[in-house]
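Here this note's numbering is used: the sequence shown runs in plain steps of one and ends on residue 179. A short write-up of the structure that comes next.
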Amino acid sequence: MNSNAQQNNTPIEKDEFGISVNAPKGVHQYAFRVGEWEATHKALINRYEWEIGTGQHKVYVADNGLTFVEETLDDNGKLILKITYDYIEETDSWENNYLEIDTGKKIKYTSKLVDGNMVETIEREDNVNNNTYTVVGDNIYIYTARRTFGNGYTIVNYVGISTKQVRAN
Numbered sequence: 011m012n013s014n015a016q017q018n019n020t021p022i023e024k025d026e027f028g029i030s031v032n033a034p035k036g037v038h039q040y041a042f043r044v045g046e047w048e049a050t051h052k053a054l055i056n057r058y059e060w061e062i063g064t065g066q067h068k069v070y071v072a073d074n075g076l077t078f079v080e081e082t083l084d085d086n087g088k089l090i091l092k093i094t095y096d097y098i099e100e101t102d103s104w105e106n107n108y109l110e111i112d113t114g115k116k117i118k119y120t121s122k123l124v125d126g127n128m129v130e131t132i133e134r135e136d137n138v139n140n141n142t143y144t145v146v147g148d149n150i151y152i153y154t155a156r157r158t159f160g161n162g163y164t165i166v167n168y169v170g171i172s173t174k175q176v177r178a179n
């Protein structure tokens, strides 16, 4: 069952994350991302140069109670990308749809929970990216991107750390 499957018009009962209480167990794999996050990253621009940046991510569960939505803002608070994450129960994996707002560029890729880490796999013509979310605690995770080329050469091309914005009551 694809978590993006059409629902009937009956109100959906949801848990504290906004996930349908009737969702397959695997849908909870991305629950660690729900919330508003501040992120700092280093991205490899070329062989000798790294870009350092900050931004914000907001992750929430769509109205269907099954699909996760990520909205990423740049340093100035402008929406720059949107990603949806749909759970595929048959393969215990995820189908993800990435959209760059300014360019309209779309990328479809997969992810899977591996040894407690969420690993995204993006296959390109000349390389494969494996992006790993390592949860450090309830309010922090590290995101590492590794790019592997056809000749076996692998390079870390992106490292980020995100901290959840916790609101005082």
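Just so it is clear, CB atoms sit at the ideal spot from N, CA and C, and this is done for glycine as well. Owing to the predicted nature of the structure, the values given are computational and were not obtained by experimental measurement.
Is DSSP giving residue i helix, strand or coil here?
i	result
Lys-115	coil
Tyr-87	It should be noted that the sequence gives Gly, not Tyr, for residue 87. The answer is coil: DSSP assigns Gly-87 none of H, G, I, E or B.
Ala-72	coil
Phe-42	helix
Val-176	coil
Measuring straight from C-alpha to C-alpha, what distance separates residue i and residue j?
i	j	result
Ile-165	Glu-23	44 Å
Val-44	Asn-149	10 Å
Gly-28	Gly-162	41 Å
Asp-7	Val-31	The chain is shown only over 11 to 179; residue 7 falls outside these bounds and no answer can be derived.
Trp-47	Ile-117	23 Å
Between residue i and residue j, is the Cβ-Cβ spacing less than 8 Å?
i	j	result
Ile-90	Asn-107	no
Out of the options, which has the shortest C-alpha to C-alpha gap to residue i?
i	options	result
Ser-121	Asp-112, Glu-110 and Asn-140	Asn-140
Arg-157	Ile-132, Thr-173, Thr-113 and Gly-36	Ile-132
Glu-130	Glu-110, Ser-103 and Asp-112	Ser-103
Thr-142	Tyr-97, Ile-171, Gly-162 and Glu-110	Ile-171
For residue i, decide whether its Cβ has a neighbour in chain D, counting only Cβ atoms nearer than 8 Å.
i	result
Tyr-70	Reference to chain D is not applicable here, since this structure consists of a single protein chain.
Check: Would you say the stretch 71-81 touches the stretch 54-61, given that touching needs at least three Cβ pairs under 8 Å?
Finding: no
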